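Peer 1:
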Amino acid sequence: MSLDIRRATPADADTLSSLGARTFSETFGHLYPSEDLETFLAYAYGLERTRRDLADPAKASWLLEDEDGEAIGYATAGPCGLPHAKASAEHGELHRLYVLKAMQGGGRGSLLLTTALDWLVKAGPRPLWIGVFSENLGAQKLYARLGFEKVGEYRFPVGETQDLEFILRRG
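Per our numbering, residue 590 is the first one in the sequence shown, and the count goes up by one each step.
(1) Please report how far the alpha carbon of residue 643 lies from the alpha carbon of residue 661, in whole angstroms.
(2) Starting from residue 755, trace the beta strand (DSSP E) both ways and give me its first and last residue.
(3) Round the Cβ separation of residue 738 and residue 758 to the nearest angstrom and send it over; I've been treating them as touching at under 8 angstroms.
(4) What separation, rounded to the nearest whole angstrom, lies between the Cα atoms of residue 640 and residue 631?
(5) Distance check for residue 697 and residue 688, CA to CA, integer angstroms please.
(6) Where does the unbroken beta strand (DSSP E) through residue 738 begin, and where does it stop?
(7) Leaving out five residues before and five after residue 717 in sequence, what residues of the same chain have Cβ atoms less than 6 angstroms from its Cβ?
(8) Which of the three DSSP states, helix, strand or coil, is assigned to residue 541?
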């Protein structure tokens, strides 16, 4: 399968917003009451928020597209906003990394991850951070292979539900 990764622009807001909500729901939707999930999706993947994020020069998003030009995954990165005493906005953070469930495997997520991390290090050597769901063992293994280590924990709200997230750092 031929794949293309490209930087998303504000014109991609509809695609990124719907892909974000879909991939989050596919991956984690079964964990939450429907009201919590709907509240979170409206907040995190709303069209206006997505447009603002895509227009922010401090942030970047990439779309992974199949040979038909259909978006099957994405990554977002930017200044670190994780709640850790040693984290700062001058550090970089991988904010999101998702691939449609039917398209997972074959290194697709790794392609997106490498693209995002390469962009983050272009600003010069600095710590890089990732927040990852405590039960997402596959992602944790991938990040560990790339040199990320667990340095903390925090609670991530999805509606009224509070997930345990791990804070990972490299550098």
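The beta carbon of each residue, even a glycine, is placed where N, CA and C say it ideally should be. Since the model is a prediction, treat every value here as computed from it, not as a measurement.
Peer 2: Taking the structure as given:
(1) 18 angstroms
(2) 750-759
(3) 6 angstroms
(4) 14 angstroms
(5) 7 angstroms
(6) 738-747
(7) 681, 709, 759, 760
(8) Given that the chain is displayed from residue 590 to residue 760, the structure contains no residue 541 and the question cannot be resolved.
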